[in-house]
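Those protein sequences? They're chains A and B, same order as listed.
Taking this note's numbering as reference, the numbering of the first sequence is continuous, increasing by one, and the terminal residue is 286.
Taking this note's numbering as reference, the numbering of the second sequence is continuous, increasing by one, and the terminal residue is 457.
Just so you know, even glycine gets a beta-carbon here, dropped at the ideal spot from N, CA and C.
The model shown is predicted, which means the values in this text are computed figures rather than measured ones.
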Amino acid sequence: MTRYAMVIDLRTCVGCEGCVAACTMENHTPFWHNRFRTHIEEQVTGRYPNVGRQFVPRLCMHCEQPPCQDVCPTGATYTTKEGVVKVDQDRCIGCGYCIIACPYGARYPYERDYIKEAKATFGEDIAHQKPHSDKCDFCLHRVRQGMLPACVDTCPLQARIFGDLDDPNSEVAKLVSAGKAKPLRPELGTAPKVFYIGDPQSYVGKDQQ
Amino acid sequence: MTLEFQTIWGELIVIYLFLGGLGGACLSLASIAVYSKRMLPIIAPWSGVTLSAAAETEAEGETESQPNRAFTLTMSLSGVVFLAVGTLMLMFDLLQPEAIIYLLSNPSSWIFWGTLFIGLTLVFGALYGWAQAEPFFQRWSERSSTGGLSKPLRLLTFVGGKLQRGERLFGLLAGWFGFGTAFYTGFLVSMAPSIPFWHTPTLPLLFLVSAFSTGAAYALVVLVFIRHRQEGLEQRIEGFDVGLILFEVLLLLAYFNFASMGSLGVQASINYLMSQPGFWFGALVLGLLVPLALEFWTLFRHERSPRLNTVLSLLSGVLVLVGGYLLRHYVVYAGVFEFPW
Chain A
78 MTRYAMVIDL
88 RTCVGCEGCV
98 AACTMENHTP
108 FWHNRFRTHI
118 EEQVTGRYPN
128 VGRQFVPRLC
138 MHCEQPPCQD
148 VCPTGATYTT
158 KEGVVKVDQD
168 RCIGCGYCII
178 ACPYGARYPY
188 ERDYIKEAKA
198 TFGEDIAHQK
208 PHSDKCDFCL
218 HRVRQGMLPA
228 CVDTCPLQAR
238 IFGDLDDPNS
248 EVAKLVSAGK
258 AKPLRPELGT
268 APKVFYIGDP
278 QSYVGKDQQ
Chain B
117 MTLEFQTIWG
127 ELIVIYLFLG
137 GLGGACLSLA
147 SIAVYSKRML
157 PIIAPWSGVT
167 LSAAAETEAE
177 GETESQPNRA
187 FTLTMSLSGV
197 VFLAVGTLML
207 MFDLLQPEAI
217 IYLLSNPSSW
227 IFWGTLFIGL
237 TLVFGALYGW
247 AQAEPFFQRW
257 SERSSTGGLS
267 KPLRLLTFVG
277 GKLQRGERLF
287 GLLAGWFGFG
297 TAFYTGFLVS
307 MAPSIPFWHT
317 PTLPLLFLVS
327 AFSTGAAYAL
337 VVLVFIRHRQ
347 EGLEQRIEGF
357 DVGLILFEVL
367 LLLAYFNFAS
377 MGSLGVQASI
387 NYLMSQPGFW
397 FGALVLGLLV
407 PLALEFWTLF
417 RHERSPRLNT
427 VLSLLSGVLV
437 LVGGYLLRHY
447 VVYAGVFEFP
457 W
């Protein structure tokens, strides 16, 4: 079996937002409404002169027990055989329940107006033809063709590592099983498949380098 | 940790939650009022109806159920209208309503159960209302025997007469599914692990009690207008409502007691609520404490002035309805996401 996962190294992310731009172009997300599938959270910690700046890339965690999938009434949210949580645009009614239920803020409403605007921006052949609740799908259309997700491909510092958790030789499997990369909010029991090296809530430069 | 107020669910959902609870409770109360008089002394012992008195009135059968008809008919039809309008609000809120054909796909979602409960409540509530309206249709059709309306009225009377055979069953089913609808609204909101203020075991209970309290308040308003047909029911409902409001106050105390020492997200929600006069003055003082005092007064001093009692029970009914709406409004808007970065 394949279980795609991602490790994000907070020690190396410099917040260049290259991943955000690559994802936006690849997945036609409505950036003009400040809506993204992946985004960089910027945290400033401490007080002058002891300050730190932390960049935390966020995206769908592709949980093994996804609350968004549990609450979806139409079955529009489903998990693919590769363990990727995906949305079927044709089935999504856009009730917003999944957006409310997601503990990681990974989803946003792709409204009817956005489609028109996206067509004017990216051309007619866009990934969104119907209004729905949108989220990251690990660029499954690229991955199935042997490519990496756009954000991983573009990251100049290789802060994002993508691979198969079920392949013990993959870098993600090694980092996760060694305990170096950890999921966010494991206490919720959602079993995310996106892991972080470093604590998103504290400046990693101080205590982890 | 990052705290972020939710902006996904707004006023349309608030209206839906309010009308869903109210409509479900109206049908449940219409059902209880006719078929379960024996339940009143148990669910509302302060209403002054004893078990033996309830058994006596039940034994009277038809003579007792007849004057209830105007009340139960108004309650069940109002319930159906409230639910239908609430569902319409939900439809307006959807991004892609044309995909609702897939609505019953996932039983682990509360919306699945909500759809089922609302649908069945609407169907059985309408059938129940139709069966009860049969005598009214008959009277109208006799009066307008020559007018253009006589044919449709005769058809309504005919079908209503047929439906009367299943009236008890329709009422019972509408009542139970109405209960399910009122109950589900709280479960719907509390299934949000990222919004700690909503994600509590108390919220579904609070919404249920508040739904029945607004249902009882609406019944009080209805009884002001059809009073001459109905003896004694007003006091029973008032007694029931007093108990519900007291329970609601206790639930709110438990809720806030838990939340005041809760996580940062919960505290942000509480701070928001306390900064809103619409919540603490509107929902708590005007929507709960004032009607509680008014209903207590009319319940125990009802012999003094029937006219004043009518005004007070109308006032407390309206206040509880407004309070129930404000409670849902502020609970929904106080939802704060707790993100782990």
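Beta-carbon proximity check, residue i vs residue j, cutoff 8 Å
i, j, result
"Pro312(B)", "Val382(B)", "yes"
"Leu143(B)", "Thr237(B)", "yes"
"Met205(B)", "Leu128(B)", "yes"
"Leu133(B)", "Thr316(B)", "no"
"His209(A)", "Gly152(A)", "no"
"Gln166(A)", "His105(A)", "no"
"Ala183(A)", "Leu136(A)", "yes"
"Pro144(A)", "Cys179(A)", "yes"
"Ile227(B)", "Pro150(A)", "yes"
"Pro233(A)", "Cys93(A)", "yes"
"Ser432(B)", "Leu404(B)", "no"
"Gly160(A)", "Lys270(A)", "yes"
"Ala236(A)", "Ile85(A)", "yes"
"Glu354(B)", "Thr414(B)", "yes"
"Ser192(B)", "Gln248(B)", "yes"
"Ala450(B)", "Tyr371(B)", "no"
"Leu87(A)", "Tyr181(A)", "no"
With 16 other Cβ atoms within 10 Å as the buried cut-off, status of residue i
i, result
"Ala255(A)", "exposed"
"Pro134(A)", "buried"
"Gly177(B)", "Confidence is the limiting factor: at Gly177(B) the pLDDT is only 47, short of 50, which leaves the residue's position unreliable, though a coordinate-based value still follows. It is exposed - the Cβ of Gly177(B) has fewer than 16 other Cβ atoms within 10 Å."
"Lys162(A)", "It is Val, not Lys, that sits at residue 162(A) in the sequence shown. Buried."
"Glu350(B)", "buried"
"Arg255(B)", "exposed"
"Met138(A)", "buried"
"Asn111(A)", "exposed"
"Pro223(B)", "exposed"
"Thr154(A)", "buried"
"Trp109(A)", "exposed"
"Ile217(B)", "exposed"
"Arg189(A)", "exposed"
"Leu443(B)", "buried"
"Ile271(B)", "The amino acid at residue 271(B) is misidentified as Ile; the sequence shows Leu. Answer is exposed; the Cβ neighbour count stays below 16."
"Pro107(A)", "buried"
Other residues of its chain near residue i: CB distance less than 6 Å, five sequence neighbours each side excluded
i, result
"Gly240(A)", "Ser247, Glu248 and Val249"
"Glu141(A)", "Ala268"
"Thr156(A)", "Val162"
"Gly296(B)", "Phe233"
"Val121(A)", "Arg130"
"Gly136(B)", "Gly202, Thr297 and Thr301"
"Thr426(B)", "Val340"
"Gly195(B)", "Gly139, Cys142, Leu143 and Gly241"
"Val239(B)", "none"
Same chain, Cβ closer than 8 Å to residue i, neighbours up to 5 away in sequence not counted
i, result
"Val197(B)", "Gly139"
"Leu321(B)", "Gly302 and Leu367"
"Val325(B)", "Leu360, Phe363, Glu364 and Leu367"
"Gly266(A)", "Gln142"
"Thr115(A)", "Cys96, Val97, Cys100, Pro134, Arg135, Leu136, Cys213 and Cys228"
"Phe412(B)", "Val358"
"Gly282(B)", "Leu243 and Ala247"
"Pro251(B)", "Arg185"
Proximal residues to residue i (C-beta, below 7 Å), its chain only, five neighbours per side dropped
i, result
"Pro226(A)", "Phe215, Cys216, Arg219, Val220 and Phe239"
"Lys259(A)", "Phe272 and Tyr273"
"Ser329(B)", "Asp357, Leu360, Ile361, Glu364, Val436 and Gly440"
"Gln286(A)", "Low local confidence applies: a pLDDT of 41 at Gln286(A) is under 50, so the model's placement there is unreliable, with the coordinate-based value given in what follows. So the qualifying residues of the chain are Arg88."
CB-CB length for residue i against residue j, believed under 8 Å
i, j, result
"Ala141(B)", "Ala327(B)", "5 Å"
"Thr231(B)", "Leu219(B)", "5 Å"
"Val128(A)", "Ser225(B)", "Val128(A) to Ser225(B), Cβ: 45 Å. No contact."
Exercise. When you check each C-beta in the stretch 214-228 of chain B against every C-beta of chain A, which residues fall closer than 9 Å?
Worked result: If the cut-off is 9 Å between Cβ atoms, the stretch 214-228 of chain B has Glu214, Ala215, Ile216, Ile217, Tyr218, Leu219, Leu220, Ser221, Asn222, Ser224, Ser225, Trp226, Ile227 and Phe228 near chain A.
Problem set entry | Where the stretch 206-232 of chain A meets chain B: residues whose CB sits under 8 Å from a CB there | So the list reads Lys207, Pro208, His209 and Ser210, given in the order they occur along the chain.
Problem set entry | Interface positions of the stretch 247-281 of chain A facing chain B (Cβ-Cβ less than 8 Å), listed along the chain | Closer than 8 Å at the C-beta level to chain B, one finds these residues of the stretch 247-281 of chain A: Leu261, Arg262, Leu265, Thr267, Pro277 and Gln278.
Problem set entry | Members of the stretch 148-162 of chain A near chain B, C-beta cut-off 8 Å | Of all residues in the stretch 148-162 of chain A, only Val148, Cys149, Pro150, Thr151, Gly152 and Ala153 place a beta-carbon less than 8 Å from a beta-carbon of chain B.
Problem set entry | chain D contacts made by the stretch 302-320 of chain B, where a contact means CB separation under 9 Å | Absence of chain D from the displayed structure is noted, the protein chains being A and B.
Exercise. For the stretch 181-195 of chain A, which residues have a CB atom closer than 8 Å to at least one CB atom of chain B, in sequence order?
Worked result: Here the close residues are Tyr181, Gly182, Pro186, Tyr187, Glu188 and Arg189.
Exercise. Closer than 7 Å, Cβ to any Cβ of chain B: which residues of the stretch 124-144 of chain A, in chain order?
Worked result: For the stretch 124-144 of chain A, the set of residues with a beta-carbon nearer than 7 Å to any beta-carbon of chain B comprises Val133, Arg135 and Pro144, in chain order.
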